[in-house]
């Protein structure tokens with residue numbers, strides 16, 4: 016009898032084993048990796064009751080992680096997208112910022128620059144502004160997929176080049192983005208992905224769908240009663256250009272579509288509708304998701320970032336953006352259902368960073384937020400460099416560059432005057448910490464692994480530190496302090512929760528649905544998707560599969 020019970024138990028376990036995780040099933044034909052630029056975690060929860068389409072679809076049959084964070088210090092677009100795609104912190108993937116200063120080259124470097132990969136898609140594109148993923152120091156999920164399943168396809172679509180390029184990696188079949196620097200309104204790419212742009216892309220550009228919004232402008236999608244989840248329509252601190260309240264015109268004084276119009280369009284939800292229409296065209300013409308080889312489609316919803324910078328995350332503009340994006344995503348998923356089959360693809364949702372609400376809004380709520388006057392922080396830092404130089408007897412300029420909250424020093428100059436790097440770092444850090452709005456300064460010694468985490472946020476700054484790309488001193492502003500070039504709008508880039516707390520959701524067939532409140536990291540997204548694909552991430556990445 017005991018032997019019979021053992022066999023019954025074994026058969027039961029064998030029967031249940033394939034049901035214990037998504038990894039036991041065959042890989043999906045397609046994973047759609049959706050990254051909404053500047054989407055905070057509370058955007059998903061605050062509007063959950065009014066989402067009816069795409070976001071409601073994502074939340075269905077989904078593993079929703081409500082306590083997900085970027086665990087690096089400089090929360091910007093380039094670093095965020097690269098971290099999600101590689102499963103590695105910026106200290107390891109190399110994308111420490113959107114731009115950094117290269118001491119050997121003596122100039123700023125853009126995270127996706129590659130002069131050997133000329134832009135294509137519009138005749139007047141500047142040949143010097145080539146783009147590729149060559150600055151990545153580690154491979155991406157797309158690279159792992161192409162290496163282990165060469166017949167798989169990997170494509171990226173976004174308004175921002177760095178979003179599309181860094182999210183897909185070095186082996187991508189194609190990455191497309193919006194021409195924001197010229198008056199073309201075209202979707203473009205670079206010769207890194209092929210010598211010529213596909214004809215179907217040219218056909219999409221010739222359709223001039225991009226110009227169809229010129230006369231309409233931006234009206235609210237819903238009635239006034241819907242916007243109770245946002246603050247009043249116009250509010251102190253909003254930027255907004257011509258207008259801080261609805262309706263918003265796209266014409267900007269122009270008689271026909273031009274660069275001013277395209278800039279306005281990209282600061283609206285309608286640009287996401289345009290890019291999703293392009294994504295449909297891509298699916299139709301590339302065959303992505305059409306066979307048993309698993310494919311990856313990255314979609315970057317970049318307009319959210321532009322809107323957030325102008326109006327803040329609690330604005331009616333931000334809310335209207337999400338209401339419209341909800342509809343546009345629903346339409347796109349319906350398209351995939353019809354073409355690929357709902358049972359054949361998964362959706363992953365993430366964000367490259369959050370954003371600080373307008374300081375004026377926080378002050379109204381009793382939070383001690385502060386705008387620093389434009390240029391004040393920069394001037395205060397320069398004054399410290401002058402003062403320390405005089406105190407230490409350094410007779411030449413040794414301050415190379417300030418990039419965000421990263422300061423670059425010329426130690427060769429200091430050493431000519433008998434000042435060693437560690438002495439200089441400590442003297443500067445001590446005085447910069449006294450500047451209004453500065454919470455802390457981290458030196459290279461502070462960020463060495465042996466230093467541990469003796470001070471708040473030290474580990475996150477270490478995760479952003481690369482010795483050849485990050486500055487020699489890393490600043491941390493006080494929480495809720497804002498320093499930017501104007502006294503309106505807002506930004507991100509800090510190590511605080513309002514910039515690091517983002518949504519992570521995996522949705523689709525076979526996913527164990529639930530809401531999980533344990534703390535997880537954005538570096539965990541890529542290895543989790545790798546497991547769903549049935550592929551193996553490289554050793555040494557920072558993330559782990561979540562299930």
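Numbering (this note's numbering), first residue to last: 16 to 562.
Virtual Cβ for every residue (Gly too), placed ideally from N, Cα, C.
With contact defined as three or more Cβ pairs closer than 8 angstroms, the stretch 401 to 413 and the stretch 358 to 377 are not in contact.
Take residue 128, set aside five residues on each side of it, and the residues of its chain with a beta-carbon closer than 8 angstroms to its own are 144, 145, 146, 150, in chain order. Under the three-state reduction of DSSP, residue 454 is assigned to strand.
In the displayed model, residue 54 falls within coil according to three-state DSSP, outside both helix and strand. Note that the stretch 259 to 273 touches the stretch 228 to 246; at least 3 beta-carbon pairs, one per stretch, sit closer than 8 angstroms. Between the stretch 515 to 532 and the stretch 134 to 141 there are fewer than three inter-stretch CB-CB distances shorter than 8 angstroms, so the stretches are not counted as touching.
Following the DSSP letters along the chain, one finds residue 291 in no beta strand (DSSP E) but inside the alpha helix (DSSP H) bounded by residues 285 to 301.
In this structure, the straight-line span from the alpha carbon of residue 126 to that of residue 152 is close to 11 angstroms.
Distance from the Cα of residue 201 is smallest, within the candidate group 217, 213, 399, 331, for 217. DSSP, read as helix, strand or coil, puts residue 114 in strand. Counted as a single uninterrupted DSSP element, the stretch harbouring residue 136 is not any beta strand (DSSP E), since DSSP gives it neither H nor E. If you look at residue 516, you'll find it in the beta strand (DSSP E) that goes 516 to 522.
Unbroken alpha helix (DSSP H) stretches of 4 residues or longer found wholly inside the stretch 416 to 468: 426 to 431, 436 to 447, given in chain order. According to the DSSP secondary-structure assignment, residue 204 is paired through a beta bridge with 135.
Relative to the Cα of residue 193, the nearest Cα in the group 508, 180, 184, 186 belongs to 180.
In this structure, the CA atom of residue 48 is about 20 angstroms from the CA atom of residue 105.
The three-state reading of DSSP puts residue 83 in strand, counting E and B together. If you ignore the 5 residues before and after residue 183, its C-beta comes within less than 6 angstroms of the C-beta of 157, 169, 171, 190, 313, all in its own chain and listed in chain order. One alpha carbon belongs to residue 547, the other to residue 489, and they sit about 37 angstroms apart.
Taking the CA atoms as reference points, residue 359 sits about 15 angstroms from residue 75.
Secondary structure of residue 402 (DSSP, three-state): helix. DSSP places residue 323 inside the alpha helix (DSSP H), whose first and last residues are 318 to 326. If you ignore the 5 residues before and after residue 397, its C-beta comes within less than 8 angstroms of the C-beta of 414, all in its own chain and listed in chain order. For residue 377, the uninterrupted alpha helix (DSSP H) run begins and ends at 374 to 379, by DSSP. In the DSSP assignment, residue 221 falls within the unbroken alpha helix (DSSP H) covering 214 to 221. Pairing residue 517 with residue 83, the inter-Cα distance amounts to about 6 angstroms. Exclusion of the five residues before and after residue 560 leaves 542, 543, 546 as the residues of its chain whose Cβ lies within less than 6 angstroms of its Cβ.
Per DSSP, residue 159 has no beta bridge partner at all.
Per the Cβ contact rule, the stretch 336 to 354 is not in contact with the stretch 375 to 391 (fewer than 3 Cβ pairs under 8 angstroms). Going by C-alpha positions, residue 484 is about 28 angstroms away from residue 162. If you draw a straight line from the Cα of residue 241 to the Cα of residue 46, it comes to about 33 angstroms. In the three-state reduction of the DSSP assignment, residue 362 falls in the strand class, which pools E and B. Between the alpha carbons of residue 328 and residue 370 lies a gap of roughly 7 angstroms.
The beta carbon of residue 114 lies closer than 7 angstroms to those of 123, 124, 125, 126, 418 in the same chain, with the five residues before and after it left out. By the Cβ rule, the stretch 296 to 315 does not count as touching the stretch 247 to 254, because fewer than three pairs are nearer than 8 angstroms. For residue 128, the beta-bridge partners assigned by DSSP are 146.
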